[in-house]
Structures are given as structure tokens and as C-alpha cells.
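Counting from 0, one number per residue, gives the positions in the sequence shown under numbering that gives the first Met the number 0.
All C-beta atoms, glycine included, are put in the ideal place defined by N, C-alpha and C.
Remarks on the structure that follows.
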Amino acid sequence: MTGMHMTDWDRDAALTTARILLEIKAVNFRPEEPYTFTSGWKSPVYIDCRRIIYFPRARSKIMDMAVEKIDRHIGFETIEAVAGGETAGIPFAAWMADRMNAPMAYVRKKPKGFGRDALIEGDVP
């Protein structure tokens with residue numbers, strides 16, 4: 000955490016998140032054939048955040064901690080909107096926006112090619 004002091008709360012949240020991700024089998028290891036990320040980087044570890052979507056208690060706890068982290072460090076009053084990238088980022092953005100009572104938008108990988116042909120869905124300030 001560059002420029003920020005890690006508090007006991009931060010450590011507890013990190014450990015809780017790690018435990019949850021391991022419990023729901025979102026952490027995958029493949030040292031013999033590393034995963035290739037969209038950046039081209041390779042890693043023996045892959046965290047499948049989409050697994051969180053399936054587990055209501057896990058996602059609720061993780062979202063609660065994420066929202067609390069935002070409130071502790073920058074405050075809700077600084078948030079004008081929450082945006083998520085399609086497709087996996089949309090539910091996370093929706094859950095956070097709902098908890099923060101904030102507007103929500105999402106960003107497409109590319110415009111649909113019809114209708115408004117928008118790259119961003121939702122009003123972004």
C-alpha cells in the first residue's frame with residue numbers, strides 16, 4: 000500500500016479475504032504451466048474473482064470490507080459514481096454502488112455498434 004500505513008484492520012481484512020478466496024477455491028496454482036494474463040505476463044497463480052459471484056456470504060463479506068476500506072480511507076462523499084468493466088466487473092460495481100448509495104456505470108470493451116453505440120453505460124460525472 001504505497002503511501003498508506005497498514006492498520007490492524009487492513010491486515011485483518013487482507014487475511015479474511017485470502018481465507019475466503021481459498022475456501023471458495025478462487026485461488027488456482029499451476030507452476031508447471033503458468034497462466035497468461037491479458038497483459039501477456041505469466042504467473043503460476045491465478046485468482047478467479049468470478050467465483051465470488053456464486054457464493055453469497057463470501058461476496059457479501061468481501062464487498063462489506065471493500066466499502067468499509069473506501070469509507071475509512073477516502074470517505075463516501077468523495078465518490079461520484081462507481082464503474083465496473085464488462086463483464087465480471089459489473090456485479091462488483093453494482094454491489095458496491097448499492098452499499099454506498101452511489102450511481103453506477105459500466106465500461107464496455109468496445110461499443111455495441113448499434114443503439115447509442117456507447118462505450119460507457121450510465122451517466123458518469
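Could you give the DSSP three-state label for residue i: helix, strand or coil?
| i | result |
| --- | --- |
| MET5 | coil |
| ILE61 | helix |
| VAL106 | strand |
| ILE119 | strand |
Alpha carbon to alpha carbon, how far is residue j from residue i? Give it in angstroms, no decimals.
| i | j | result |
| --- | --- | --- |
| GLY114 | PRO30 | 45 Å |
| MET62 | TRP94 | 7 Å |
| GLU32 | LEU14 | 27 Å |
| ARG107 | ALA17 | 29 Å |
| ILE52 | ASP7 | 27 Å |
| LYS89 | MET99 | Position check: residue 89 holds Ile in this sequence, whereas Lys was assumed. Rounded to the nearest angstrom, the two C-alpha atoms are 15 Å apart. |
| THR37 | ALA101 | 30 Å |
For the alpha helix (DSSP H) that contains residue i, what are its first and last residues?
| i | result |
| --- | --- |
| ILE52 | 49-53 |
| PHE91 | 88-99 |
Mind checking who residue i pairs with in its DSSP beta bridge?
| i | result |
| --- | --- |
| GLY83 | TYR105 |
Can you find a CB in chain E that lies within less than 9 Å of the CB of residue i?
| i | result |
| --- | --- |
| GLY88 | Structure shown: chain E not included; a single protein chain is present. |
Going by alpha carbons, who is nearest to residue i out of the options?
| i | options | result |
| --- | --- | --- |
| GLY84 | ASP11, GLY112, ILE119 and ILE19 | ILE119 |
Going by DSSP, what residue range makes up the beta strand (DSSP E) through residue i?
| i | result |
| --- | --- |
| ILE78 | Looking at the DSSP string, ILE78 is not in any beta strand (DSSP E), and its letter there is neither H nor E. |
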